[in-house]
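Chains as they are written, first to last, in the numbering used here: chain H, 114 to 446; chain S, 1491 to 1779. Even for Gly, the Cβ is constructed at its ideal location relative to N, Cα and C. Scroll down for the structure; my scribbles are underneath it.
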Amino acid sequence: MDGMHVNKTRLIVIGIAVLVAFLLPFVVGSYRVFQFNLVLVYAIVLLGLNMLTGYNGQISLGHGAFYAIGAYVAAIMMDKLGVPYWATVPAAGLVCFVAGFLFGFPALRLHGHYLALATFALGISMPQILKYKGLEHWTGGVQGIVILKPQAPFGLNVSQDQWLYLFSLFVALFMFWLAWNILRGRIGRAMVAIRDHPIAAEAMGINVAAVKTLTFGVSALYAGVGGALGAIVVQFVAPDSFVALVSISFLIGIVIGGLASISGVIYGAIFIQFVPNIADEISKAAPWAVYGLFLLAFVFLAPKGVAGLVQLLWGKAEASWKRTRAQKTTLQS
Amino acid sequence: MEAFLHQVFSGLANGAIYASLALALVMIYQSTHHINFAQGEMAMFSTYLAWAMINAGYPYWIAFGLTVVASFFIGLTIERVIVRRVAGAPILTLVVVFIALLVILNSITGWIFTYTIKVFPSPFPEQPLFGPYISSHEAGVVGVSLVVLLLLFLFFRFTTLGLAMRATAENALSSRLSGIRVGWMLALGWGLAASIGAIAGMMVAPIVYLDPNMMSGILLYGIAAALMGGIDNPFGAVVGGLIVGVLENLMGAYVVGTELKLTVALMLIIGVLIFKPTGLFGRHFVTRV
């Protein structure tokens, strides 16, 4: 399984990736920093969705709803209650954990298509709920809420964008470490067992209901943390930023990146951040056409996503390297 | 009381549209157990075809007929070219393929016809013909839906092809063994579903106006209707559609207000799935280990 066993080379690769991620905001322009910041945000959300859909087999077409809840919790806390930005992130995560856990109960009774339907409905109806007049005092209605960008603390000599990026990077690293620990342990194996054969999993003593609802909760927590960070980065929340297509683009992210893969969510996040930008130059409709075509191509040609392709190439390179080394030693002896 | 009756009648008209879309969903679900998330976008695309034909100067009913036929072939092609290849795939793959179809159809339509909202004509006269409670368009929608239902009923009940399609839905293996070309029956089912969806699209477009995202809400109600009636029962889909239409209108008018109508659909979907997953008229299935 990808990302589960740590050997020396993998550790080096991860180390280099983290180093590059740290240095990135100091070598690119401030708009690019903003874009990469969103990549981190999406990576966190996709990681949560991949736990639910990739590892646990529960399809969600409505994760944009939890993303929206996280964003709104952060925005309302900052704007209405004056809470500092860093404190809103765990709070948004907690609120979404509870929301996801509660949604996980009805989800227990829904399998496959039906769960996809129910979450799809959740995603479509979310903007309407956010526009609801009764909540307007808190949510700002159609107008949404504008929030201020935080300053770098401790007199650090970095711009606001750079600081926010570094903050997001810290949160993302923590969330990845957490996910890696959950997924390689007992609970992670239980999640995969439930996906592959729920009845057998139950017969082996796994509490299917508990693991599934918990996974839903944790997955929503990730979406909430991502949502809170996203709101702070974009400095704005409004109902129309959370349409059903947001949920769909998250699903696209994990399919393209690679289902049931930790590293895959990074490729997925880069894809959903940059490909629409590039395709946008062709036509307003192009991003979604490109999304759709990529989805079909990946489903038919590379069902394990980019992570699967990378692993394939890596394996081939490693094998050929070993072969040449073995040949050398035999020649020498 | 008058306002109430008005709400009920316009609910029935909306319900007839939801019923058509639900019928299209059921048509595909019955034979392959796939829920077609792209059904709404297929209908939307067909409606744009009709709009283009009407704009090119064709009379309404000619454009209507041509659209229904064209949609049939579009549905057929989608089944033969794309859906066929993932027929036995895991559910996640299927959902992803349908979502891909959804976004592709949506963006192609936006690409060809732009995202500006367009007015779609209604073939029915402006002035109300059937009393004060229902507009002619609403009455016409109900009438068209009833005609579609009747035709479908006659087709499935009295033609050999209809019988073959029913047999395929019932038991694909036995049908194949008795010489029915199962693959083509499934493709025909997709074609029919696309045609029914197209009619629903053309009926709803004068009410919600034509734009590439017009069907997302309608699809939600269609799904709610199909689930309520039992997703494998065409008769149930129609009853479910009418119930959802009336319920939606009454809830919107008297309980939650018009802004939360979609949430009513969400609650209906989740409620039905939790408390009565087979719907009102669905069959119970026993899963084997």
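Asked                                                                                                                                                                        : Found
Using alpha carbons as the reference points, say which of H/Pro219, H/Phe329, H/Met317, H/Ala323 lies closest to S/Leu1763.                                                  : H/Pro219
With 16 as the cutoff for other CB atoms within 10 Å, does S/Gly1578 come out buried or exposed?                                                                             : exposed
Between which residues of its own chain and S/Arg1570 is the CB-CB distance below 8 Å, once the five residues before and five after are set aside?                           : Ala1677
Find the residues of chain H that neighbour S/Val1559, judging by a C-beta separation of less than 9 Å, and give them in chain order.                                        : Ordered by position in chain H, no residue passes the 9 Å Cβ test against S/Val1559, which lies about 25 Å from the chain.
Please list, in chain order, the chain H residues whose beta carbon lies closer than 9 Å to that of S/Tyr1605.                                                               : Lys397, Ala398
Taking only the alpha-carbon atoms, compute the straight-line gap between H/Gly170 and H/Phe413 and give it to the nearest angstrom.                                         : 19 Å
What residue range does the alpha helix (DSSP H) around H/Gly126 cover?                                                                                                      : Note that residue 126 of chain H corresponds to Val in the displayed sequence, not to Gly. 121-140 is the extent of the alpha helix (DSSP H) around H/Val126.
Roughly how far, in whole angstroms, is the beta-carbon of H/Ile213 from the beta-carbon of H/Phe329, given that I think they are within contact range, below 8 Å?           : Position check: residue 213 of chain H holds Gly in this sequence, whereas Ile was assumed. H/Gly213 to H/Phe329, Cβ: 5 Å. Contact.
For H/Val259, which beta-bridge partners are listed by DSSP?                                                                                                                 : H/Phe349
Using DSSP's beta-bridge definition, name the partner residues of S/Lys1608.                                                                                                 : S/Leu1700
Taking S/Ala1715 as part of the alpha helix (DSSP H), name the residues at either end of that continuous run.                                                                : 1705-1719
Nearest-angstrom Cα distance between S/Ala1528 and S/Thr1522?                                                                                                                : 15 Å
Mind checking whether S/Ile1507 and S/Ala1690 have CB atoms under 8 Å apart?                                                                                                 : yes
When you compare only the Cα positions, how much space is there between H/Asp115 and S/Asn1723?                                                                              : Because H/Asp115 sits at a pLDDT of 47, beneath the cut-off of 50, its placement in the model cannot be relied upon, and the point is left open.
Use the C-beta contact count for H/Ala382: other C-beta atoms within 10 angstroms, 16 or more gives buried, fewer gives exposed.                                             : buried
Can you list, in chain order, the residues of its chain with a C-beta nearer than 8 Å to that of H/Val255? Leave out the 5 residues immediately preceding and following it.  : Lys244, Ala351, Pro352, Asp353
Excluding the five sequence neighbours on either side, which residues of its own chain have a C-beta within less than 6 Å of the C-beta of S/Phe1698, listed in chain order? : According to the sequence as given, residue 1698 of chain S is Val; it is not Phe. Contacts found: Met1704.
Buried or exposed: S/Trp1531, going by 16 or more other Cβ atoms within 10 Å of its Cβ?                                                                                      : Looking at the sequence itself, residue 1531 of chain S is Glu, so the reference to Trp does not match. When all chains shown are included, S/Glu1531 counts as buried.
Quick check on H/Gln386 - is its C-beta less than 8 Å from some C-beta in chain S?                                                                                           : no
Assuming S/Leu1591 contacts S/Ile1564 under a Cβ cut-off of 8 Å, what Cβ separation, rounded to an integer in Å, is found between them?                                      : With a Cβ gap of about 11 Å, S/Leu1591 and S/Ile1564 do not count as contacting.
Spell out whether any CB of chain H is found under 8 Å from the CB atom of S/Ala1690.                                                                                        : no
Unbroken alpha helix (DSSP H) runs of length 4 or more, entirely within the region 298-381 of chain H: which are they?                                                       : 299-309, 311-316, 321-347, 357-370
According to DSSP, is H/Ser433 part of a helix, a strand, or is it coil?                                                                                                     : helix
Going by DSSP, what residue range makes up the alpha helix (DSSP H) through S/Pro1729?                                                                                       : Reading off the sequence shown, one finds Val at residue 1729 of chain S, where the question assumed Pro. 1724-1740 is the span of the alpha helix (DSSP H), which, as asked, contains S/Val1729.
What three-state label does DSSP hand S/Ala1676 in the structure shown?                                                                                                      : Note that residue 1676 of chain S is Leu in the sequence shown here, rather than Ala. DSSP places S/Leu1676 in helix when its eight states are reduced to three.
Mind listing which residues of the region 1741-1772 of chain S have their C-beta closer than 8 Å to chain H's C-betas, in chain order?                                       : Gly1747, Glu1749, Leu1750, Lys1751, Leu1752, Thr1753, Ala1755, Leu1756, Ile1759, Ile1760, Leu1763, Ile1764, Pro1767
According to DSSP, simplified to helix, strand and coil, what is H/Val196?                                                                                                   : coil
Tell me, to the nearest whole angstrom, how far the beta carbon of H/Ala392 is from that of S/Trp1601; I am working on the premise that it is less than 8 Å.                 : Not confirmed; about 11 Å, so no contact.
Between S/Asn1596 and chain H, is there a C-beta pair that is closer than 8 Å?                                                                                               : yes
So, H/Ile319 versus H/Ala306, is the Cβ gap smaller than 8 Å?                                                                                                                : yes
Measuring CA to CA, which of H/Lys417, H/Asp192, H/Gln386 is closest to H/Phe146?                                                                                            : This sequence places Val at residue 146 of chain H; Phe is not what is there. Taking only the C-alpha atoms, the option nearest H/Val146 is H/Gln386.
From the DSSP output, in three-state form, read off S/Gly1547 for me.                                                                                                        : coil
Please check if any C-beta of chain S sits within less than 8 Å of the C-beta of H/Lys244.                                                                                   : yes
Around the Cβ of H/Gly195, are there at least 16 other Cβ atoms within 10 angstroms (buried) or fewer (exposed)?                                                             : exposed
Where does H/Tyr227 fall in DSSP's three states?                                                                                                                             : helix
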